[in-house]
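Take a look at the structure set out below.
Numbering (mature numbering (1 follows the signal peptide of the UniProt record, and there is no 0)), first residue to last: -27 to -1, 1 to 312.
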């Protein structure tokens, strides 16, 4: 960084120290909340936001899954947008403990994501439905494919627009192989391993038949679990699900004809149906969002954002996504639409 940017950083850090000191004094005077450096840099605490006013004794909790379903913390100081896995799980936990919540409205706009994260989120929603006895209605937005469909399948009713992209039921694991290129460059792989399959999926040599068989079985088992989720959630025979689950995508109209969604409609229509079906016409609708616990969070975020160039931000984003989905040498299985 140049001299001007270093000066800006020093000023920002100075303000941060001053703010921490003043907030510490305030915390000593009142015991309303605990303030520390972590709470300044990361606003993980959840606060309720009213979406539609109504009867606060019977409420509808709105959860939005927008983006790739990965366990990456996107609510830190440097990034306030996108899907946050742990925060979403925390929302579900809070809903399960709130007796005023009578139904859940799930908005999904996602191409899917990691097999673990999709499964974990789907389990949390299923448990919420069973244990808290709460109906769950899904409104599919622009896309609810692969893992996005996985988390929707067990809902009481699924709405999609005619233009919604859904389906893509299946599992994918992508990697690149550089063996031929390395051979042309005179570069050889000299990996030392304890067993024949220790470097399975290596990008520096050709895949063996044994490796192909092992990986295919690994993917097939995850595929079978996906099929089970759809079959149980949609009350379909597994053989019928498998006919639909060859990885292809469907628009909303096709999905309705095939029984993958229940109704064609947008979010307002899905919410109206939920209200009517469960006698919640006058119910309050609320959601959760990250709470800004201090007055310096937005300022400090603005300063740090200005210190980062666009290319640096894109590089950081690419790095975080790569870490979440695996590397060319260690690819991960994904419930994800696309390669």
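Glycine residues also receive a C-beta, built at the ideal position from the N, C-alpha and C atoms. All of these numbers come straight from a predicted model, not from anything done at the bench.
Close Cβ partners of residue i (< 8 Å) along its chain, the five nearest in sequence each way excluded
{"i": "residue 101", "result": "65, 68, 69, 77, 107, 109"}
{"i": "residue 19", "result": "60, 63, 64, 67, 261, 262, 263, 264"}
{"i": "residue 117", "result": "81, 82, 83, 111, 125, 133, 137, 138, 139"}
{"i": "residue 26", "result": "257"}
{"i": "residue 95", "result": "123, 124, 126, 127, 202"}
{"i": "residue 184", "result": "170, 173, 174"}
{"i": "residue 23", "result": "257, 258, 259"}
{"i": "residue 211", "result": "200, 201, 204"}
Same chain only: Cβ atoms within 7 Å of residue i, ignoring 5 sequence neighbours per side
{"i": "residue 226", "result": "135, 237"}
{"i": "residue 74", "result": "32, 34, 68, 107"}
{"i": "residue 187", "result": "170, 173"}
{"i": "residue 228", "result": "133, 139, 140, 234"}
{"i": "residue 21", "result": "259, 261"}
{"i": "residue 129", "result": "108, 109, 110"}
{"i": "residue 40", "result": "55, 56, 83"}
Classification of residue i by the beta-carbon crowding that lies within 10 angstroms, buried from 16 upward
{"i": "residue 256", "result": "buried"}
{"i": "residue 235", "result": "buried"}
{"i": "residue 114", "result": "buried"}
{"i": "residue 221", "result": "exposed"}
{"i": "residue 37", "result": "buried"}
{"i": "residue 131", "result": "buried"}
{"i": "residue 169", "result": "exposed"}
{"i": "residue 156", "result": "exposed"}
{"i": "residue 80", "result": "buried"}
{"i": "residue 159", "result": "exposed"}
{"i": "residue 42", "result": "buried"}
{"i": "residue 154", "result": "exposed"}
{"i": "residue 58", "result": "buried"}
{"i": "residue 30", "result": "exposed"}
{"i": "residue 85", "result": "buried"}
{"i": "residue 311", "result": "exposed"}
{"i": "residue 91", "result": "buried"}
{"i": "residue 45", "result": "buried"}
{"i": "residue 88", "result": "buried"}
{"i": "residue 245", "result": "exposed"}
{"i": "residue 308", "result": "buried"}
Strand pairing of residue i, partner residues [DSSP]
{"i": "residue 130", "result": "110"}
{"i": "residue 64", "result": "Looking at the DSSP assignment, residue 64 forms no beta bridge with any residue, so it has no partner."}
{"i": "residue 244", "result": "None; residue 244 has no bridge partner."}
{"i": "residue 144", "result": "The partner list for residue 144 (beta bridge, DSSP) is empty, contrary to what the question assumes."}
{"i": "residue 80", "result": "37, 112"}
{"i": "residue 86", "result": "42, 308"}
{"i": "residue 25", "result": "258"}
{"i": "residue 229", "result": "Beta-bridge pairing links residue 229 to no other residue."}
{"i": "residue 341", "result": "One cannot answer for residue 341 here, as it falls past the ends of the chain, which runs -27 to 312."}
{"i": "residue 32", "result": "74, 257"}
{"i": "residue 20", "result": "262"}
{"i": "residue 138", "result": "116, 224"}
{"i": "residue 236", "result": "132"}
Own chain partners of residue i with C-beta closer than 6 Å, once the 5 adjacent residues on each side are dropped
{"i": "residue 166", "result": "172"}
{"i": "residue 127", "result": "99, 206"}
{"i": "residue 179", "result": "152"}
{"i": "residue 137", "result": "113, 225"}
{"i": "residue 223", "result": "139, 140"}
{"i": "residue 248", "result": "254"}
{"i": "residue 164", "result": "172"}
{"i": "residue 219", "result": "none"}
{"i": "residue 71", "result": "none"}
Residue-level contact to chain D via CB, residue i, 9 Å cutoff
{"i": "residue 188", "result": "Considering every chain present, this structure includes no chain D. It has just one protein chain."}
**Request:** Any chance you could list the alpha helix (DSSP H) runs of at least 4 consecutive residues sitting entirely within the stretch 147 to 219, in chain order?
**Result:** Those alpha helix (DSSP H) runs which fall completely within the stretch 147 to 219 and span 4+ residues are 152 to 157, 182 to 207, 211 to 217.
**Asked** Is the stretch 129 to 144 touching the stretch 192 to 204, taking contact as three or more C-beta pairs under 8 Å?
**Response** Between the stretch 129 to 144 and the stretch 192 to 204, the count of C-beta pairs closer than 8 Å reaches three or more; the two stretches touch.
**Request:** Please confirm if the stretch 244 to 255 is in contact with the stretch 115 to 123, defined as three or more CB-CB distances below 8 Å between the two stretches.
**Result:** Contact between the stretch 244 to 255 and the stretch 115 to 123 is absent, because fewer than three Cβ pairs lie under 8 Å.
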